[in-house]
Structure formats: C-alpha cells, structure tokens
Amino acid sequence: MRAGATIESDRPSCASNQATRRSTTRRDDWIARRDRCHDVGLPRLEPSRTAGDLGGSALYPAEVHKLLAGHATFRREFVAGSKEFLERLASAHQSPAAMLIGCADSRVVPELLTSSAPGDLFVIRNVANLVPHAEHGSRSVGSALEYALGALHVRHVVVCGHYGCGGVKAMIDGVDRQAMPNLAQWIEQAAAQNAVAHEEGVADREAQWQRAVEENVLDQIAHLTGYPCARPLLESGELTIHGWVYDLRGDLFVYDDDRAAFVHNT
Ligand SMILES: [Zn+2]
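Its first residue numbered 49, the sequence shown is counted upward by one per residue in this note's numbering.
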C-alpha cells in the first residue's frame, strides 16, 4: 500500500515535470523563432495578454483593443449560452451545408447576411471573389474547392459578388502594377474575361460597374465548372452552383437561369 501510495503520488509530479519541460522547450522555440524574425528586420509583435488584462486599453492601439474586447463580448454573450452546441461542433467533423466564395471586402460578411451559425458555411474570400481559370491555377481556391467537394461532400457552391466591389472597379480602371504587382496580376486575369469591364464610351459608369460585378460572378461560375473536382459532380447533377450579388445595404440578388438575370431575393 505504501509503495502504491508513493507511485500514485509520484505520477502527477512526474507528468507535471514533463509538461513543464515541454512547455519550456516550446517557449524556447518561440523565442528563438522571434529572435530570427527580428534579425531579418520583421517587427516586434505586441505582448500577448488575455482578455482579462483588457482593463488597461492603453496596452493596445484602439483598433486592436476593440477586437479583443469584442471577443470578450462574444464569449460572454454567445459562448456562455452555446456550450453544448460548440462542444458538438468541436468533437465532430465539420459538415457544412454549402460553400461560399466571396469577396474579401469588409462589408460583405457571409455568415451575417445568411444568418449562418458556426459549421454552416465553408467560406473562402479573396479580392473580387475570383475563381481563377482551372488551367491558370490558384492553389488557394483550388484546394478549398477540392476539400469542400471531395472531403466534406458539399453539394452547393455559391459565388457571391457585391455591388461597389473595388476589385471589379479595378478591372475597369486598371491597377498600378508598380505599387500593387500581386493585385494587378490577380485582377488582370479576371479583367481579361469581363466583357463589360472593357466596354468603352459608356455614359453611366455606375451602371457599367454594376453590370461588371454581375458579369464577374458569372465568369467565376464558368471557371468553376472547369475544375476536375467539380466537373463530374456537375455532370451527374449532384453539384449545384449559385450566383449571388449583395448590394451592401442588406439586399441580395440571386441569378435566375430562366430569366438570365439577377433577381431580388425577397
Ligand atoms: Zn469586392
């Protein structure tokens, strides 16, 4: 009994020492990595603080303080009342009902405008909600598509553009290649396809921009059909692609194949 008691009492202490050693090693790794970053001139990051430390907002710039305070609100108002739901999500594989390809624009929040909960939507966002032509390849969009269709068995993909899209405006006006070479390359691929963006002498530039946004959504849908992971599912009728345009004011327009137009979702 005595020996057993000793063994029992040693175990936690032993485990605790191992955990401490692991933690120390990990911290050393982080410090070494941080120092390497500083050596090549990368900026020093803010010290980490927990939400409980947020009493002193002077620790952070106002923009970051607002985000961390927002997370504290999220924990208080959502997490506290959703513990079972979140536990179910965390302990099972995700099984979203749809994939949404949207613009990175901060005013277009897919989960908000569709009243979706965590786990409902598989989302990828980029400038101008592009799906590059399969032959030109975008590892980011391509991998998300392959994973959603092949591993998660998602069978509805929404390409969601929005009026007032700066990325589509850049298709019409062009991008400063010197200042933003990556953006220029990204946009020019899509711009080359967008017939509306190239119309010249259009009096109503605002209307042209709106039509270019709609054309851009249809172009991306056409590209999507060329991906090897999507094509067989489309041919068998298992996969449906949807085209949407959000107007930034709360209204959504859904592409209707029969009318060949975006119609107001009421
Ligand atoms: Zn946009």
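We put the beta carbon where it would ideally sit given N, CA and C, even for glycine.
Here the alpha carbon of Asp-83 sits roughly 10 Å from the alpha carbon of Asp-76. Cβ-Cβ distances below 6 Å link Arg-155 to Leu-296 in the same chain, with the five nearest sequence neighbours on each side left out; the list follows chain order. For Thr-288, the enclosing beta strand (DSSP E) begins and ends at 288 to 294. Cβ atoms of Ile-220 and Ala-240 stay farther apart than 8 Å, at about 13 Å. Annotation for Pro-180: Ser-186, Val-189, Gln-237 and His-271 place their beta carbon closer than 7 Å to its own, counting only its chain and skipping 5 residues before and after. With a cut-off of 6 Å, the C-beta of Gly-291 is classified as distant from ligand 1, since no heavy atom of the ligand falls inside that distance. Under the three-state reduction of DSSP output, Met-228 falls in the coil class, being neither helix nor strand. For Arg-173, the uninterrupted beta strand (DSSP E) segment begins and ends at 169 to 174. Bridge pairing for Met-147: Phe-170 and Val-205 [DSSP]. Pro-91 is classed as exposed because its beta carbon has fewer than 16 other beta carbons within 10 Å across all chains shown. Nearest neighbour of Leu-300 by Cα position, chosen from Phe-170, Leu-231 and Leu-161, turns out to be Leu-161. The stretch 271 to 289 makes contact with the stretch 166 to 181; the number of CB pairs closer than 8 Å reaches 3 or more. DSSP, read as helix, strand or coil, puts Phe-126 in coil. A contact between stretches requires three or more CB pairs, one per stretch, nearer than 8 Å, and the stretch 250 to 265 fails this requirement with the stretch 276 to 286.
For Ala-243, the three-state secondary structure derived from DSSP is coil. Take Asn-174, set aside five residues on each side of it, and the residues of its chain with a beta-carbon closer than 6 Å to its own are Ala-152, in chain order. The criterion of a C-beta distance shorter than 7 Å is satisfied by Val-206 and His-290. Secondary structure at Asp-304: strand, using DSSP grouped into helix, strand and coil. Taken through DSSP and simplified to helix, strand or coil, Val-179 comes out as coil. With 6 Å as the limit, the residues whose C-beta approaches a heavy atom of ligand 1 more closely than that are Cys-151, Asp-153, Ala-176, His-210, Cys-213, Gly-214 and Gly-215, in chain order. Under DSSP, Ala-199 forms no beta bridge with any residue.
Here Ala-278 carries a coil assignment [DSSP, helix/strand/coil].
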